[in-house]
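J.: Sharing a structure here in structure tokens format.
Residue numbers (the numbering used here): -15 to 111.
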């Protein structure tokens, strides 16, 4: 299963921990003066959270991949195409849940080689 974000090919072994967590409805509940409830619901078409994770066990990213994703995340008000296998989404980085991109070296070293690997998360939201 290939994963690409804005033309950047990511490790296909990255985890998608919130894949099955979907917010299909928005709901507000208000209490009336008479003690009753007013419940309003609305279907949601956008705003699905997508989190991609490179863990210590799998999905490691290279320095080039990390640099490319960081560059994408620094461009304000930009939408990207995320492709996971046969699924395609239009997404933006989820900066409201900062940091939207959080990478750490798999192995911490004083003088890290360019070919080192990274773990961390990429937080996105569908638009």
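No residue lacks a Cβ here, since even glycine has one placed at the ideal position from N, Cα and C.
How about residue 88 and residue 108: do their beta carbons lie closer than 9 Å?
T.: Reading the chain shown from its first residue, position 104 is the one you call residue 88. Reading the chain shown from its first residue, position 124 is the one you call residue 108. Result no, Cβ atoms of residue 88 and residue 108 do not sit closer than 9 Å.
J.: Report the CB separation of residue -15 from residue 69 in whole angstroms; it is logged as a contact under 8 Å.
T.: In the chain shown, the residue the question calls residue -15 occupies position 1. In the chain shown, the residue the question calls residue 69 occupies position 85. Their Cβ separation, rounded to whole angstroms, is 4 Å, which keeps residue -15 and residue 69 in contact under 8 Å.
J.: If you compare alpha carbons, which of -1, 106 and 25 is closest to residue 75?
T.: The residue given as residue 75 occupies position 91 in the chain shown. Nearest of -1, 106 and 25 to residue 75, Cα basis: 106.
J.: Taking all protein chains shown into account, do 16 or more other C-beta atoms lie within 10 angstroms of the C-beta of residue 91, making it buried, or fewer, making it exposed?
T.: Locating residue 91 in the chain shown gives position 107, where the first residue counts as 1. Exposed, since its Cβ has fewer than 16 Cβ neighbours within 10 Å.
J.: Within its chain, find whatever has a CB closer than 8 Å to the CB of residue 93; leave out the 5 residues flanking it on each side and keep chain order.
T.: Reading the chain shown from its first residue, position 109 is the one you call residue 93. Same-chain partners within the cutoff: 100.
J.: Can you tell which of 39, 86, 31 and 73 has its C-alpha closest to the C-alpha of residue 58?
T.: Residue numbering aside, residue 58 sits at position 74 when the chain shown is read from its first letter. Closest by alpha carbon: 86.
J.: At 3 residues or longer, what runs of the beta strand (DSSP E) sit wholly inside the segment -12 to 67?
T.: -8 to -6, 9 to 15, 21 to 27 and 33 to 38
J.: Going by DSSP, which residues form a beta bridge with residue 78?
T.: Here residue 78 is taken as the residue at index 94 of the chain shown, counted from 1. According to DSSP, residue 78 bridges with nothing at all.
J.: Hey, out of 53, 111 and 72, whose CA is closest to residue 83's CA?
T.: For the purposes of this step, residue 83 is taken as the residue at position 99 of the chain shown. Considering only alpha carbons, the answer is 53.
J.: Cβ of residue 60 within 9 Å of Cβ of residue 103?
T.: Walking along the chain shown from the start, residue 60 turns up at place 76. Walking along the chain shown from the start, residue 103 turns up at place 119. Their beta carbons are not under 9 Å apart, which means residue 60 does not touch residue 103 by this criterion.
J.: Report the three-state DSSP secondary structure of residue 85 (helix, strand or coil).
T.: Taking the chain shown and counting its residues from 1, the one referred to as residue 85 is at position 101. Of the three classes helix, strand and coil, the one that applies to residue 85 here is strand, per DSSP.
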